[in-house]
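Trainee: Top to bottom, those sequences are chains C and W.
Using this note's numbering, the letters of the first sequence map in sequence onto residues 1 to 367.
Using this note's numbering, the letters of the second sequence map in sequence onto residues 1001 to 1569.
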Amino acid sequence: MTTVEKFLKKPIFSLIFSVLLGFLVSSIILVITGYSVPDVLQSLFEGVFSRPRHMANVIIKSTPIILTGVSIALAFKAGLFNMGAEGQFILGSVAALITGSILDLPPVLQVLAIIVSGIIAGALLGALTGFLKSKFGAHEVITGIMFNWMALHFSNFIVNLKEFHKPNSASTFPIKSSGFTGIRSNLGFLKDTSFSDILKTEVNLGIIIAVIVAIFMSIVINKTKKGYEICAIGLNEKAAESAGMNVFKNIIQVMTVSGGISGLAAALMVTGISPHSVSASTNFENNGFNGLAVALIASNSPIGCIFSGLFFGGLLYGGRSVQADVGTPSEIINIIIGVIIFFVAIAKIFPLVVSKFSKKNCEENHA
Amino acid sequence: MSLETQISPKYAVQMRGILKSFGAKKVLSEFNIDIKKGTVHALLGENGAGKSTLMNILYGLHRADCGKIFLNGKATNIRSPADAIKNKIGMVHQHFMLIDKFTVLENVILGNETTNKFGILNIKKARDRILKVSRKHGLNIDLDAKVEDISVGMQQRVEILKALYRDADILIFDEPTAVLSPAEIEDFIRIIRKFILEDKTVIIVTHKLREIMNSADKCTIIRSGINVDTLDITEKTCQKDLAQGMICSFTGSNVKRDKFNPGNVVLRVKNLNTKNEKKVLALKNFSLEVRAGEILGVAGVDGNGQKELVDSITGLLKVESGTIEINGKQIQNTSPRNVLDNKVSIIHEDRSKVGLILDYTVAENSVITKYRSANFSKHGILKRKSIRSFAKNLIEKYNIKPNNCANIPARNLSGGNQQKLAIAREISNEPDLLIAVQPTRGLDIGAVEHVHNVLIEERSKGRAILLISLEIDEILQISDTVCVIYNGCNLGEFDRNAADGKKVTNKKKSDKRTLDEKETISKKESDKTTPDEKETINKKESDKRILDEKEIGFLMMGGRKNDYSRKIS
Ligand SMILES: Nc1ncnc2c1ncn2[C@@H]1O[C@H](COP(=O)(O)OP(=O)(O)OP(=O)(O)O)[C@@H](O)[C@H]1O
Ligand SMILES: [Mg+2]
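#1: Quick check on ALA1075 (chain W): buried or exposed, where buried means 16 or more other Cβ atoms within 10 Å of its Cβ?
#2: Taking VAL278 (chain C) as the reference, which of C:SER14, C:PHE89, C:LEU97 has the closest Cα?
#3: Flag VAL1362 (chain W) as yes if its beta-carbon sits less than 8 Å from any beta-carbon of chain C, otherwise no.
#4: Looking only at its chain, what residues have a beta carbon closer than 7 Å to the beta carbon of LEU15 (chain C), apart from the 5 residues adjacent to it on each side?
#5: Only counting the same chain, and skipping five residues up and downstream in sequence, which positions put a Cβ closer than 6 Å to that of ILE115 (chain C)?
#6: Is the shortest distance between the beta-carbon of GLU5 (chain C) and the beta-carbons of chain W less than 8 Å?
#7: If distances are taken between C-alpha atoms only, which option among W:HIS1095, W:GLU1308, W:LYS1392, W:ASP1199 comes closest to THR1039 (chain W)?
#8: Compare the beta carbon distance of VAL58 (chain C) and LEU310 (chain C) with 8 Å and say whether it is the shorter of the two.
#9: Hey, could you find the ends of the alpha helix (DSSP H) GLY1446 (chain W) is sitting in?
#10: Would you say THR1053 (chain W) lies against chain C (beta-carbon separation less than 8 Å)?
#11: DSSP on GLY1501 (chain W), reduced to helix/strand/coil?
#12: For SER26 (chain C), which of helix, strand or coil comes out of DSSP?
#13: Mind checking if ARG1016 (chain W) is an interface residue toward chain C, Cβ cutoff 8 Å exclusive?
#14: Please identify the residue among W:GLU1148, W:TYR1398, W:LEU1139 whose C-alpha is closest to the C-alpha of LYS1101 (chain W).
#15: Can you grab the Cα-Cα spacing for the pair ARG1291 (chain W) / VAL1339 (chain W), in whole Å?
#16: How long is the line joining the alpha carbons of GLY1322 (chain W) and SER258 (chain C), rounded to whole angstroms?
#17: Which runs of the alpha helix (DSSP H) spanning at least 4 residues fall entirely within the region 102 to 168 of chain C, listed in chain order?
#18: Beta-carbon separation of SER1469 (chain W) and GLN1438 (chain W) under 8 Å?
#19: Excluding the five sequence neighbours on either side, which residues of its own chain have a C-beta within less than 8 Å of the C-beta of MET1055 (chain W), listed in chain order?
#20: So for ARG1063 (chain W), helix, strand or coil by DSSP?
#21: Looking at the structure shown, is LYS1132 (chain W) part of a helix, part of a strand, or coil, going by DSSP?
#22: Among residues of its own chain, excluding the 5 on either side of MET1015 (chain W), which ones have a beta-carbon nearer than 6 Å to its beta-carbon?
#23: In angstroms, rounded to a whole number, what distance separates the CA positions of ILE1191 (chain W) and GLY1153 (chain W)?
#24: 8 Å is my cut-off, CB to CB: does ASP1359 (chain W) come that close to chain C?
#25: Use the C-beta contact count for MET1001 (chain W): other C-beta atoms within 10 angstroms, 16 or more gives buried, fewer gives exposed.
#26: As a quick exercise: from W:ILE1221, W:LEU1296, W:TYR1059, pick the residue whose alpha carbon is nearest that of ASP1169 (chain W).
#27: Return no unless some Cβ of chain W is closer than 8 Å to the Cβ of LEU91 (chain C).
#28: Who are the Cβ neighbours of ASP1500 (chain W) in its own chain at under 6 Å, not counting the five residues just before and after it?
#29: Pop quiz: SER101 (chain C) and ILE175 (chain C) are said to be a contact at Cβ under 8 Å. What is the actual Cβ separation, rounded to whole angstroms?
#30: Specify, as a first and last residue, the run of the alpha helix (DSSP H) that PHE1188 (chain W) falls within.
#31: Relative to the C-alpha of SER299 (chain C), which residue among C:VAL25, C:VAL4, C:LEU187, C:ILE72 is closest?
#32: Going by the beta-carbon positions, is the gap between GLY1305 (chain W) and GLY1488 (chain W) smaller than 8 Å?
#33: Using a Cβ-Cβ cut-off of 8 Å, state whether LYS9 (chain C) counts as contacting chain W.
#34: Compute every distance between the C-beta of SER1414 (chain W) and the non-hydrogen atoms of ligand 2, then say whether any falls below 7 Å.
#35: Mark PHE180 (chain C) as exposed unless 16 or more other C-beta atoms lie within 10 angstroms of its C-beta, in which case mark it buried.
#36: Does the region 1352 to 1372 of chain W come close enough to the region 235 to 254 of chain C that 3 or more CB-CB pairs lie under 8 Å?
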């Protein structure tokens, strides 16, 4: 194999190549719909990188989807497709809201209480999904979708309770301010530096927790006995079972933790980003569904989810500025995001394509 | 390598200069082979020699790095199985590619549906054609049976029918007989011999020398990806020639067998009733005992309750009534984990679905039943280093190839080497009871010998071994006690002395050639036991029941119920 071929077969190359291909195809779509490709690209790029503030916002925007991505990646290792991450997220945010509104503890404790309640809410829903799967064989995708809708309507119900509902709005009152995780006030030292505009954003502790969770899950999956069991079940359930692994228990455990991480994502959003409240909605906010794309791009590696989450968050955030600067409708931007994700998702075929087209040098092999 | 033959239409397949490497590993180097039209051509070689790879290249599943394939004298590019089928090549894989829930008919037409001009299936026309093909070749299959309801032998015929329905002239079989019972093997050989009367060409990969003697016209021996020799198979060809051409490590000698000195009962199965997946009673009042230091061989035709017996013991299947005891402790209807904790190890029948996790590395697979032990994990963290060195140990001890495979996925091992890995792992557990189901499936003769020796060694160390095999020879060769399972019942037990060295011929008719070969082979096998060794066995166990060699075969075919029950000492 030549060095070029070797390089071409590296996963990282496939990833870069597919992103480029995604942009190429997106450009064609833009041309067809009559938008200037350079303008759009420039606006997208500047929308993400031109100012520290933008970058900070990308990170803030990415935090929840990194976590839902990790949640889905973990479930996937056990062979489970956690379609219900959306619902777990919603339930987590409802729990965070209730705890954050009712309790009024000192700042650190308040935050902890909210986060724990979010985790528990998501975990319970995940556990239920896992239980239905392992006890009755109910497919997690079907139950997940059902729970998503139930969670959404439950959330709307809570939002409209008079204890929480903010009059003349679609949302609730914010949680008590002792539960906020913003760290703007601690970053005063940035005031006179060129990073000062970061202070205009809602920098919060979420990303740190998200990164820690991703690293922790990566260790669990790759280094521990538990991770070994989980992956074994995901790869060959029958072999795992006859090797004495408890499939029933593991599926419930994985779904519990997976749901807990989605719930955590929600709690971090409620504590970290204004309006620190929950709104009634007839449709999903897609924090869970975007996690599916994040996990997919990362090939279900938790660490990979950090980067793919940032990438996806960048597209979402940068997309807004494209909309503002160039006037491209959001549908087109969503199509572009979809195209890029599509190519990344099929990145695995590139090594195959490379070997198909490479003519191996027989003389070299003879030697 | 034999003299270079000219490219000519007389040959169905000619491969020239085939090179194939996986990463840095060269699997086939400069491989040349000529396969004459209208012959059965066998491929023989050690595990990992490259036989499957070669056949996968011919069928378009792999692409050679370079080299040419000529079909009927014409250079042909085969890039995919679709190309192969277009060129009238059919392949029956070792693991059948059938859809269980479909009927035979549906499976056969799948992917090659006969439709009218609106794209609507024309089942009637398809059925007529299939029936014609099936009759012509004496395949005898019920087209409307569901695949999950028919035996493995029948499933193989469905695969054959699939290939024939697509007009295959060249049929490739990769280890076709590994899953068949002796009677089914005879049928199989009859069917392929018939093909060549129609000028079809059959290529068969197998480790069973006797089958080559019985069915093949020529045999090519592959050693580490090189065509060592191609022999004509005649009456005079001797198995030793084949074996020795293939490997150097084959000695043809048996390990010294300590005298049979059974200890306490380790496994006691008593009046077991178990239903199978279809909720039909598959074991009926089944009882059996295996003592420490004993190999108990369970003989029987596939599908008579062996699977249910193993699954009940291992905790994968609920039993209706009856008890299973390990060292006096009841374990029926507990969990697989509990069974393993009671020092039971299982070499599973199906390595790729149950025995191994193919996407795990060899090292990861080597601890799949014992990663919980303190040697391999501490405070919940896996000790990767110890796992790897443990795996390296097994690789060396069982000659698993390639010998630096600890970190590659088990999927990339050849079939036989996967099997060696599964066996090595289970034996290294040092169990009280070892259940070995078809332990030598897919192994080359050197490896079979090694595994048999290891089993006998383990038995001499005082382990109880329950051996379940469709190969009656294997059972007779290494068991101390033999029992026959038929239709879910235990038809009685017989001691080794009676069964030793003798051949069981089935009631089924076989052509003359087959019988003759069998005779010579069985003589050779009995010669392996040294005279004085035989004598000790004779003296020790002469008081036990003597068994007519035909009786096991008779019982296996459901001859009659035997009321003999072993006296427990
Ligand atoms: N996909 C793969 N990737 C890497 N190595 C492979 C792959 N497939 C096969 N090999 C290697 O190629 C060699 C030949 O394998 P092959 O399956 O052809 O052997 P075989 O002759 O069929 O052996 P067996 O009798 O055990 O089935 C083995 O050493 C195997 O490890
Ligand atoms: Mg093979």
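Think of the CB as a built atom: it goes at the ideal place given N, C-alpha and C, for glycine as much as any other residue.
Mentor: Quick answer:
#1: For the purposes of this step, residue 1075 (chain W) is taken as the residue at position 75 of the second sequence. Exposed, because fewer than 16 other Cβ atoms sit within 10 Å of the Cβ of ALA1075 (chain W).
#2: For the purposes of this step, residue 278 (chain C) is taken as residue 278 along the first sequence, with counting starting at 1. The option with the nearest alpha carbon to VAL278 (chain C) is C:LEU97.
#3: To locate residue 1362 (chain W), count along the second sequence from 1; it is residue 362. Taking Cβ atoms only, chain C never reaches closer than 8 Å to VAL1362 (chain W), which makes this a no.
#4: The residue labelled residue 15 (chain C) in the question sits at position 15 within the first sequence. If we look at LEU15 (chain C) and ignore the five residues flanking it on each side, its Cβ neighbours are VAL344, ALA347.
#5: As a position in the first sequence, residue 115 (chain C) is number 115, starting the count at 1. Closer than 6 Å at Cβ, skipping near neighbours: ALA267.
#6: Locating residue 5 (chain C) in the first sequence gives position 5, where the first residue counts as 1. Judged by the 8 Å Cβ criterion, GLU5 (chain C) is not in contact with chain W.
#7: For this step, residue 1039 (chain W) is matched to residue 39 along the second sequence. Here the closest residue by C-alpha is W:ASP1199.
#8: The residue given as residue 58 (chain C) occupies position 58 in the first sequence. The residue given as residue 310 (chain C) occupies position 310 in the first sequence. Closer than 8 Å, so yes.
#9: Within the second sequence, numbered from 1, the residue matching residue 1446 (chain W) stands at position 446. Element bounds for GLY1446 (chain W): 1445 to 1460.
#10: Start at 1 with the first residue of the second sequence, and residue 1053 (chain W) comes out as number 53. Cβ-Cβ to chain C under 8 Å: no for THR1053 (chain W).
#11: If you number the second sequence from 1, residue 1501 (chain W) lands on position 501. Any reading at GLY1501 (chain W) must be qualified, since the residue scores a pLDDT of 42, below 50, and its modelled position is unreliable; the value itself is stated next. Three-state result, GLY1501 (chain W): coil.
#12: The residue you call residue 26 (chain C) lines up with position 26 of the first sequence. SER26 (chain C) falls in the helix class under three-state DSSP.
#13: For the purposes of this step, residue 1016 (chain W) is identified with residue 16 of the second sequence, where counting begins at 1. Not an interface residue.
#14: Numbered from 1 along the second sequence, position 101 holds the residue referred to as residue 1101 (chain W). That would be W:GLU1148, whose Cα lies nearest to the Cα of LYS1101 (chain W).
#15: Residue mapping note: residue 1291 (chain W) aligns to position 291 of the second sequence, counting from 1. Residue mapping note: residue 1339 (chain W) aligns to position 339 of the second sequence, counting from 1. Each residue's Cα considered, the two are about 17 Å apart.
#16: Here the question's residue 1322 (chain W) lines up with position 322 in the second sequence. Here the question's residue 258 (chain C) lines up with position 258 in the first sequence. Their backbone Cα atoms lie some 42 Å apart in a straight line.
#17: 107 to 136, 140 to 159
#18: Position 469 of the second sequence, counting from 1, holds the residue named residue 1469 (chain W). Position 438 of the second sequence, counting from 1, holds the residue named residue 1438 (chain W). Yes, the pair counts as a contact, with Cβ atoms nearer than the cut-off.
#19: Locating residue 1055 (chain W) in the second sequence gives position 55, counting from the first residue. These residues qualify, in order along the chain: LEU1043, MET1091, ILE1172, ASP1174, ILE1203, VAL1205.
#20: Position 63 of the second sequence holds residue 1063 (chain W). Three-state result, ARG1063 (chain W): coil.
#21: Translated into the one-based positions of the second sequence, residue 1132 (chain W) becomes position 132. Three-state result, LYS1132 (chain W): helix.
#22: In the second sequence, counting from the first residue as 1, residue 1015 (chain W) sits at position 15. Counting only Cβ-Cβ distances below 6 Å, and skipping sequence neighbours, we find ILE1033, ILE1069.
#23: Position 191 of the second sequence, counting from 1, holds the residue named residue 1191 (chain W). Position 153 of the second sequence, counting from 1, holds the residue named residue 1153 (chain W). Cα-Cα distance, rounded: 12 Å.
#24: As a working mapping, residue 1359 (chain W) is identified with position 359 in the second sequence. Yes - at least one Cβ of chain C is within 8 Å of the one on ASP1359 (chain W).
#25: Stepping through the second sequence from its first residue, residue 1001 (chain W) is reached at position 1. Its pLDDT being 44, under 50, MET1001 (chain W) is placed unreliably by the model, and the measurement read from it follows with that caveat. Its Cβ having fewer than 16 others within 10 Å, MET1001 (chain W) is exposed.
#26: Here residue 1169 (chain W) refers to the residue found at position 169 when the second sequence is read from its first residue. It is W:TYR1059.
#27: The sequence position of residue 91 (chain C) within the first sequence is 91, counting from 1. No, its Cβ sits nowhere closer than 8 Å to a Cβ of chain W.
#28: To locate residue 1500 (chain W), count along the second sequence from 1; it is residue 500. The predicted position of ASP1500 (chain W) is uncertain, since its pLDDT is 46 and thus under 50; no value can be drawn from it.
#29: Counting from one through the first sequence, the residue named residue 101 (chain C) turns up at place 101. Counting from one through the first sequence, the residue named residue 175 (chain C) turns up at place 175. Correct: roughly 5 Å between the Cβ atoms.
#30: Numbered from its first residue, the second sequence carries residue 1188 (chain W) at position 188. Run containing PHE1188 (chain W): 1182 to 1197, per the alpha helix (DSSP H) assignment.
#31: Taking the first residue of the first sequence as 1, we reach residue 299 (chain C) at position 299. For SER299 (chain C), the nearest C-alpha among the options comes from C:ILE72.
#32: On the second sequence, position 305 is the one that residue 1305 (chain W) refers to. On the second sequence, position 488 is the one that residue 1488 (chain W) refers to. Contact flag set, yes.
#33: Taking the first sequence and counting its residues from 1, the one referred to as residue 9 (chain C) is at position 9. LYS9 (chain C) does not count as touching chain W.
#34: Start at 1 with the first residue of the second sequence, and residue 1414 (chain W) comes out as number 414. Yes - ligand 2 has a heavy atom lying nearer than 7 Å to the Cβ of SER1414 (chain W).
#35: Locating residue 180 (chain C) in the first sequence gives position 180, counting from the first residue. Buried, by the Cβ-count rule.
#36: yes
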